[in-house]
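In what follows, a structure is listed as structure tokens, so that the remarks can point back to it.
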Amino acid sequence: MPASANIKPPRTYRIVGPQRRIDERETPHCRVERGELGERLLLSRKNRAETDALRRTVGTEGRELKGGPCNSFSKLMSQAPEGGVHPDRIPVSNPAAMALKIKEVARFFGANVVGITRLDQAYVYSHRARGCSADGEKPGDPIHLPHRYAICMGFDGDYNRYMTCNSHISDVEYQMSKFRHWAVTTFMLAAYIREMGYPARAHGQGRTEVNPIPLAVNAGLGELGRHGMLIHEEYGSRLHLAVVTTDLPLTVDEPVDMGVEDVCKICMKCAKTCPTYSIPFGDKVVVNGVEKWAINVDTCYKGRLAARGQWTNCLICTVSCCYNKRSAWWHTLAGRLLKKIPLPLRPLYIRPLLWMDDLIWGNRPWRHMKCLGYDNAPVPVTCTIPGCIAKHKPPEQKRLHKVPSPKPRLRATQ
Ligand code: B12
Ligand code: SF4
Ligand code: SF4
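All residue numbers for the sequence shown refer to the numbering used here, where the first residue is 4 and numbers rise by one.
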């Protein structure tokens, strides 16, 4: 019986067929590194932060660092060997109390939000793409992760800096929001559990054996949005996710309904603002046995070719989403009320809220900022394609995509 059979079915996805475990080598970064999405994307991934020392320091795996891979925190974390398990196991008579304690400790170590679910093997990669050589792991090794529980954690990024996207400011904020808490917290939480005498593994930067989004949805951290990411009630999708898997006895959380299903059906703001048309306006599709909204990964990735050294991570769908705004009482209240409204009445409540979101934050939230020596003021885009006469605009000045009108009905033939 799959682990997910015991939990309340979430609304933003449905299991409709068998799920195959994904080989990490099939995932997009590995495909790009093998050149499967083209030579230009391969080169841009290799040299993405070449000209900027700060960007190189906060967000690369060492390849571009002229001072060597030891200047990359990310590289060092991914190669840190896993610690041993304390031989004397502390007895756990009350898994509910232990779950509360683990959540408190995770927050103390730096997590903004924490939830626990059973580790569904469907979301454990089948083979690894990289590996920690100190632990004897090699690319291509099968992954065996028999742990019973997944402790899922979210770490927020600063909305104001995200709003400068796409820029060096949003890039460094995106990378640092990961390291500021994520690397330290997952490492320390796993170490703490091992010191209590139970096996535990940290899945974070450069070294993960699980897909964090479905686990976090099942752990009740939020729901899956149209843009393909987990949306949390307070932080939206400006949350980085990390997981610690373990056998420490814990009680699990249930998936939540915070109305994302109802909001995403009407809103479509991410689909309208996505510069590469990668987010669907249409219905959910079935991918690997799961009915869900799915983005076009290849076009989203190739959008990075438009960066021309000015940024490396696109965050437009993240900042556009109405759930992602700065924490404020009216935002919290609107979200809480939505959960209380019966399903058929929700659209009546959602439409005016979306109208207000557009009015206050704009159709495509963007902010000019000077920070850390960067200035994200729009610059004229210079195209390097010989003979191109198109008028290129920075993404923040581009017009929104229109919601496609439904297909015209065929007239009945007599
Ligand atoms: C490769 C990768 C990318 C690629 C491809 C994205 C993709 N959709 O696969 C590119 C470069 C395009 C990308 C872009 C971004 N990414 Co990215 N990315 C990853 C990475 C490392 C692997 C994803 C993967 O394995 N994809 C292959 C298959 C599994 O993809 P898929 O079938 O389309 O399924 C996707 C979802 O439907 C969901 N999913 C898969 N199976 C199931 C099953 C169920 C039941 C459910 C509910 C969901 C679900 O997970 C997949 C990832 O989105 C993950 C971290 C990780 N280990 O998972 C981060 C991750 C998904 N990215 C993240 C972020 C923030 C971004 C960006 C905003 C910024 C950026 N890095 O440029 C954009 C947003 C694009 C978008 N709208 O999704 C976060 C999302 C956090 C969140 N709140 O959900 C993650 C989880 C990193 C992290 N640890 O926090 N990313
Ligand atoms: S990250 Fe950018 S290109 Fe990718 S889906 Fe989001 S808005 Fe579109
Ligand atoms: S922008 Fe709107 S449609 Fe897109 S994920 Fe957020 S709520 Fe859903």
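Built from N, CA and C at the ideal position, the CB exists for glycine as well.
Going by alpha carbons, who is nearest to residue i out of the options?
| i | options | result |
| --- | --- | --- |
| Lys305 | Ile25, Gly41, Tyr126 and Val246 | Gly41 |
| Cys273 | Gly71, Phe182 and Arg367 | Arg367 |
| Pro381 | Cys391, Lys394 and Gln400 | Gln400 |
| Ala109 | Arg23, Gly223, Val247 and Leu233 | Val247 |
| Lys243 | Glu294, Lys295 and Cys155 | Residue identity differs from the one stated: residue 243 is His in this sequence, not Lys. Nearest option by C-alpha distance: Cys155. |
| Thr249 | Asp55, Pro98 and Leu403 | Pro98 |
| Pro13 | Met232, Glu264 and Tyr162 | Glu264 |
Are the Cβ atoms of residue i and residue j separated by less than 8 Å?
| i | j | result |
| --- | --- | --- |
| Val322 | Cys168 | yes |
| Gly157 | Tyr238 | yes |
| Cys303 | Ser281 | yes |
| Val95 | Pro202 | no |
| Asp159 | Arg48 | no |
| Leu375 | Val88 | no |
| Ile172 | Asn299 | no |
| Gly223 | Pro258 | yes |
| Met261 | Glu236 | yes |
| Cys324 | Ile234 | yes |
Less than 7 Å between the CB of residue i and some heavy atom of ligand 3, yes or no?
| i | result |
| --- | --- |
| Met199 | no |
| Val220 | no |
| Arg229 | yes |
Per DSSP, what are the beta-bridge partners of residue i in this structure?
| i | result |
| --- | --- |
| Tyr152 | Arg121 and Thr249 |
| Lys401 | DSSP output for Lys401 lists no bridge partner at all. |
| Pro145 | His130 |
| Gly157 | Val116 and Leu244 |
| Val289 | Glu294 |
Do you know how far the Cα of residue j is from the Cα of residue i?
| i | j | result |
| --- | --- | --- |
| Arg92 | His150 | 16 Å |
| Gly20 | Val288 | 12 Å |
| Gln313 | Lys342 | 40 Å |
| Asn9 | Arg121 | Since pLDDT at Asn9 reaches only 49, below the 50 mark, its modelled position is unreliable, and no value is offered. |
| Phe76 | Gln178 | 11 Å |
| Gly207 | Gly390 | 44 Å |
| Pro5 | Gln124 | Any reading at Pro5 needs caution, since the residue's pLDDT is 46, under 50, leaving its predicted position unreliable; the model's value is listed next. Roughly 8 Å between the two C-alpha positions. |
| Leu227 | Ile216 | 8 Å |
| Pro355 | Leu362 | 10 Å |
| Gln417 | Arg28 | Because the pLDDT of Gln417 is 41, which lies under 50, any placement of that residue in the model is unreliable, and the number read from its coordinates should be weighed accordingly. Using only the alpha carbons, I get a separation of about 56 Å. |
| Ala245 | Tyr165 | 20 Å |
| His334 | Cys135 | 42 Å |
| Asp144 | His32 | 18 Å |
| Phe182 | Gln82 | 15 Å |
| Ala102 | Arg34 | 38 Å |
| Arg17 | Ile388 | 44 Å |
| Gly285 | Val406 | 9 Å |
| Ile25 | Tyr126 | 8 Å |
Is any heavy atom in ligand 1 found nearer than 7 Å to the beta carbon of residue i?
| i | result |
| --- | --- |
| Lys272 | no |
| Gly118 | no |
| Tyr280 | no |
| Thr321 | yes |
| Tyr165 | no |
Can you find a CB in chain C that lies within less than 8 Å of the CB of residue i?
| i | result |
| --- | --- |
| Gly223 | Of the chains in the structure shown, none is chain C; there is only one protein chain. |
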